Amino acid sequence: MTITAGEIDAARSTDLRREVLRPHWAPGTPMHGDDLADAVHIGAVDGDTVVGACVLQPAPYPHGDEPGAWQLRGMATAEGRRGEGIGAVVLDAAVEAVRARDGQFLWCKAREVAVAFYERNGFTVGSPRYVEPQTGLPHHDMYRRLA
Ligand SMILES: CC(C)(COP(=O)(O)OP(=O)(O)OC[C@H]1O[C@@H](n2cnc3c(N)ncnc32)[C@H](O)[C@@H]1OP(=O)(O)O)[C@@H](O)C(=O)NCCC(=O)NCCS
């Protein structure tokens, strides 16, 4: 696998994020973070193709006062490329990008099916199970301390 991950323009990953996370949305529908000035976009690239992505933005943790908190959103690996370690590479680049901005705490709203993936990558469950209203899917909030 010759995958590299790092910061990319939002436009390069918006189609991937929409196809994976909002497959019922029409092509071209903007995804979260596309127009946010303080968002940082991470992409894993295989050749010229973006095969994994996430979005980072400064945001307070809902379950306590955590200085330097950033939220991770839009975590997606292309269908057919999952289980190759691409998600882990994206998370490593995300942690690096947040640390470079003096972030100390990374949290996300994790789909229940992805909780084990986040746990293997250093995240801890931080909330009871809840149903996220936009998707109707069960989630847990999860976090990782970066200090
Ligand atoms: C969750 C996700 C980003 C992980 O990306 P990935 O590139 O497959 O991650 P990795 O290869 O580093 O790790 C794979 C692990 O993720 C888990 N996983 C979750 N869904 C999976 C799927 N559909 N296919 C393969 N692995 C999956 C597996 O437990 C796997 O564990 P293993 O290494 O013990 O086999 C990816 O499965 C995905 O895009 N899922 C659909 C969208 C989603 O649920 N995003 C998270 C929203 S919070």
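Residues 505 to 651 in this note's numbering are what the sequence shown lists, from first letter to last.
We put the CB at the ideal spot given by N, CA and C, even for glycine.
The model shown is predicted, which means the values in this text are computed figures rather than measured ones.
| query | result |
| --- | --- |
| Beta-carbon within less than 6 Å of VAL554's beta-carbon, same chain only, minus the 5 sequence neighbours each way: which residues are those? | ARG516, SER517, LEU520 and GLY547 |
| When the Cα atoms are used, what is the spatial distance from GLY626 to ARG649? | 9 Å |
| Is THR581 buried or exposed, if buried means 16 or more other CB atoms sit within 10 Å of its CB? | buried |
| Am I right that PHE621 and ALA573 are in contact with their C-beta atoms under 8 Å? What's the rounded C-beta distance? | No, PHE621 and ALA573 are not in contact; Cβ-Cβ is about 21 Å, not under 8 Å. |
| Indicate the three-state DSSP secondary structure (helix, strand or coil) for GLY591 in the structure shown. | helix |
| Can you round the beta-carbon distance between VAL559 and ALA541 to whole angstroms, since I take them to be within the 8 Å contact cut? | That belief does not hold up - the Cβ atoms of VAL559 and ALA541 are roughly 13 Å apart, past 8 Å. |
| Could you tell me which of ALA557, ILE507 and PRO531 sits nearest to ASP513, measuring between CA atoms? | ALA557 |
| From ARG522 to GLY578, what distance separates their C-alpha atoms? | 9 Å |
| Name the DSSP bridge partner or partners of GLU511? | ILE546 |
| I'd like to check one pair, HIS545 with GLU583: are the Cβ atoms closer than 8 Å? | no |
| Closer than 7 Å to a non-hydrogen atom of ligand 1 - does that hold for the CB of THR508? | no |
| My assumption, with CB atoms under 8 Å, is that ASP569 sits in contact with TRP611. Please give the rounded CB distance. | So it is not a contact: roughly 13 Å between Cβ atoms. |
| Would you report the Cα separation of ILE590 and PRO571, rounded to the nearest angstrom? | 29 Å |
| Beta-carbon of VAL559 versus every beta-carbon of chain B: anything under 8 Å? | No chain B is present in this structure, which holds just one protein chain. |
| Does the beta-carbon distance from VAL594 to ALA509 come in below 8 Å? | yes |
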